[in-house]
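Visitor: Each residue of the sequence shown is one higher than the one before, counting from 784 in my numbering. Yeah, the Cβ is synthetic: ideal placement off N, Cα and C, and Gly gets one too.
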Amino acid sequence: MKRMLSGIKPTGQLTLGNYLGALRHFVEYQDEYEMFVFIANLHCVTEYQEPAQLKKNLKDAIALYLACGLDPEKSVIFLQTDVMEQAQLGFIMMCNTYMGELNRMTQFKDKCAKGEKNITSGMFVYPPLMAADILCYDADYVPVGEDQKQHVELTRDLAIRFNNKYGETFTVPEPLVAKVGARIMSLQDPSKKMSKSDETNKGCIYLLDDLAVVRKKIMSAVTDMCACVRYDKENQSGISNLLEIMSCITGEPIDSICARYEGKGYGEFKKEVADVVCEEIGKIQARYKEIMESGIIEKVLEDGAKKARYVAHKKLDKVQRKIGIEIRKRS
Ligand code: AMP
Ligand code: TRP
């Protein structure tokens, strides 16, 4: 069985973008692949997070993983810091990554271009840590949204480089980016991706938003003057984004949705989008509530950590032997 691995960095509440671009696919794939899914809590602290809020976000994210349908019987669900091998391999990967490669990472470049001050060195070296997350488990595939593809490509380069230098060690992973929904845009500024760090909050739907708020955000989503429901990302980016959201959730092809709305107004269309999204999120929220009350989260994480550690421990041993830093086998 091929292995798949992915993670989410809950620096805020999980969004509809996380769900449609990533989480939903993890759930779909868990029957076909050996699935490893983790919460990237180390990646969260590359920027300051208020500790109590961060802890809440982490717990909510695990509960939402389960609420969206990840099944601990089928998938290994764990916290990044519960497997210390990942951070240790991360340092080794940093030693095999050039500064030039990290300077070219879009996420880092965007931060510099925005003139952000106090970018931490952790933020700079986050891609080789992400590479270690993946390579520790010999993942064949990494399902991610569009914005993470570049990091998985760097991971491939690092795996190939290491294998060439030290002999066959790592599986070279492939990113899996869905055709629809890989980049859900902000409802207020459809030129930007829907992001947890949305300043106004109006452009971003959070999975735990009150349903009345979700509806309001969709009804006030930015559209255009064309007055026709058409998929045209260039000239009608707002409407195209809503079409993608709806098609992702219902599975109805975008063409067919457009055909149903011929000659009809945006108001009616948005109402259906809001109905569809609220129904989907409503179901997730109901399960989230049950999970939070059930107290199963600790047990899920404990079991997941054990399984993940077993795999990562063996891999790190092999790496350390190959590069010549191990003297005796670690217990
Ligand atoms: P992050 O929230 O940055 O940890 O991202 C977690 C996963 O969700 C990654 O696979 C991202 O590519 C994906 N993702 C984040 N935002 C979006 C979005 N607006 N549309 C689609 N996928 C997204
Ligand atoms: N960098 C990813 C994000 O911000 C989270 C992440 C960390 C990840 N390690 C990973 C995703 C390994 C896939 C595989 O979304």
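1. Between Ala-942, Tyr-831, Arg-1043, Ser-858, which lies nearest to Tyr-816 when the distance is taken from Cα to Cα?
2. Would you report the Cα separation of Leu-806 and Asn-879, rounded to the nearest angstrom?
3. Leaving out five residues before and five after Tyr-949 in sequence, what residues of the same chain have Cβ atoms less than 7 Å from its Cβ?
4. Would you tell me roughly how many angstroms separate the C-alpha atoms of Glu-1085 and Gly-852, rounded to the nearest one?
5. For Asp-972, is the beta carbon positioned less than 7 Å from some heavy atom of the ligand AMP?
6. Which residues mark the beginning and the end of the alpha helix (DSSP H) in which Phe-861 is found?
7. Select from Glu-1109, Ile-822, Tyr-812 the residue whose C-alpha is nearest the C-alpha of Gln-796.
8. Heavy atom of the ligand AMP less than 7 Å from the Cβ of Gly-964, yes or no?
9. Between the region 929-940 and the region 958-971, do at least 3 Cβ pairs fall closer than 8 Å?
10. Relative to the C-alpha of Glu-868, which candidate in Asn-901, Ala-914, Leu-837, Gly-1050 has its C-alpha closest?
11. So Phe-891 is in the beta strand (DSSP E); what residue range does that whole segment cover?
12. Could you pull out every residue in the same chain whose Cβ sits closer than 7 Å to the Cβ of Ser-789, ignoring the five residues on either side in sequence?
13. Using the Cα positions of Met-787 and Asp-921, report the straight-line distance between them to the nearest angstrom.
14. For Ala-850, collect the residues of the same chain with a Cβ closer than 7 Å to its Cβ; drop the 5 residues on either side in sequence, then sort them by chain order.
15. Where does the unbroken beta strand (DSSP E) through Leu-806 begin, and where does it stop?
16. Taking 8 Å as the cut-off, decide whether the C-beta atoms of Tyr-1044 and Val-1005 are in contact.
17. From Ile-1028 to Ala-995, what does the alpha carbon distance come to, in whole angstroms?
18. Suppose the cutoff is 7 Å on Cβ atoms and the five residues either side in sequence are ignored; what does the same chain contact list for Asn-801 look like?
19. Would you say Leu-990 touches the ligand TRP, meaning its beta carbon is less than 7 Å from a heavy atom?
20. Look up Met-784 in the DSSP assignment and say whether it is helix, strand or coil.
21. Tell me which same chain residues have a C-beta within less than 7 Å of the C-beta of Pro-1036, skipping the five on either side of it?
22. Run the CB neighbour count on Asp-981, radius 10 Å, all protein chains shown included, and call it buried at 16 or more, exposed below.
23. My understanding is that Ile-967 touches Leu-799, with C-beta atoms under 8 Å, so please give their C-beta distance in whole angstroms.
Guide: With the structure as the only source:
1. Ser-858
2. 30 Å
3. Answer for Tyr-949: Lys-1105, Ile-1106, listed in chain order.
4. A direct Cα-to-Cα measurement between Glu-1085 and Gly-852 gives close to 19 Å.
5. no
6. Unbroken run through Phe-861 is the beta strand (DSSP E), 858-862; no alpha helix (DSSP H).
7. Of the listed residues, the one whose Cα sits closest to Gln-796 is Ile-822.
8. yes
9. yes
10. Ala-914
11. No beta strand (DSSP E) contains Phe-891, which is instead part of the alpha helix (DSSP H) from 889-896.
12. Ala-805, Phe-809, Val-820, Val-925, Pro-926, Val-927
13. 9 Å
14. Ile-1067, Arg-1070, Tyr-1071, Ile-1074
15. Leu-806 -> no beta strand (DSSP E), and no H or E assigned at all.
16. no
17. 18 Å
18. Ile-791
19. no
20. coil
21. Ser-1030
22. buried
23. 6 Å
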